[in-house]
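Per this note's numbering, numbering through the sequence shown is continuous, rising by one, with the last residue being 130.
Only one structure is covered here, and it is reproduced in the block below.
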Amino acid sequence: MIYGIGTDIVDIRRIAEAVRDDKFVARVFTKEEIARTKSIKSKKQRDGFFAKRFAAKEAIAKALGTGIGKSVMFKDISISNDAKGAPKVTLTGNGAKSVSALGKGATVHLSLADDYPYAQAFVVISGK
Numbered sequence: 003m004i005y006g007i008g009t010d011i012v013d014i015r016r017i018a019e020a021v022r023d024d025k026f027v028a029r030v031f032t033k034e035e036i037a038r039t040k041s042i043k044s045k046k047q048r049d050g051f052f053a054k055r056f057a058a059k060e061a062i063a064k065a066l067g068t069g070i071g072k073s074v075m076f077k078d079i080s081i082s083n084d085a086k087g088a089p090k091v092t093l094t095g096n097g098a099k100s101v102s103a104l105g106k107g108a109t110v111h112l113s114l115a116d117d118y119p120y121a122q123a124f125v126v127i128s129g130k
């Protein structure tokens with residue numbers, strides 16, 4: 003069963019401008035996400051990293067039907083990668099509560115893509 007579908011596309015240049023502001027970074031991204039950027043040498047790759055995660059958070063909130071800010075906050079959603087490099091979603095706080103409310107076994111599936119100057123995220127939330 004599909005509980006929700008969400009997608010988002012962002013202009014990497016817009017996110018690159020936004021992440022110049024430390025307050026924006028601290029409000030939107032988790033400590034783990036920020037720490038991962040320290041190993042990225044290229045500014046263009048770093049900007050793409052932030053843009054894909056921003057798009058992912060928006061797409062997840064859309065799939066949940068909540069949007070960002072009313073219930074689910076940016077930092078309730080963290081995006082990492084599994085051992086094979088596939089994006090992995092970790093939800094905390096109201097993000098975790100929102101997924102749990104959908105039903106037992108609800109799973110968030112995320113796909114990320116970028117083709118400069120755009121980054122895109124596509125999300126399906128499914129369950130049994």
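Positions of the beta carbon are idealized from the N, C-alpha and C atoms, including for glycine.
Quick caveat, the model's predicted, so the values are computed rather than measured.
Check	Outcome
Nearest to residue 95 (by Cα), restricted to the options 88, 86, 80 and 107	80
Boundaries of the beta strand (DSSP E) in which residue 53 is found, first to last residue	That residue, residue 53, is in no beta strand (DSSP E); its alpha helix (DSSP H) goes 45–66.
Per-residue burial, residue 115 [other beta carbons within 10 Å of its own, 16 or more giving buried]	exposed
Any 3 or more C-beta pairs closer than 8 Å across the segment 81–101 and the segment 109–125	yes
Whole-angstrom C-beta distance between residue 127 and residue 101, which should lie under 8 Å	7 Å
Every unbroken beta strand (DSSP E) within the segment 77–118, with a cutoff of 3 residues, ordered by chain	79–83, 89–93 and 109–117
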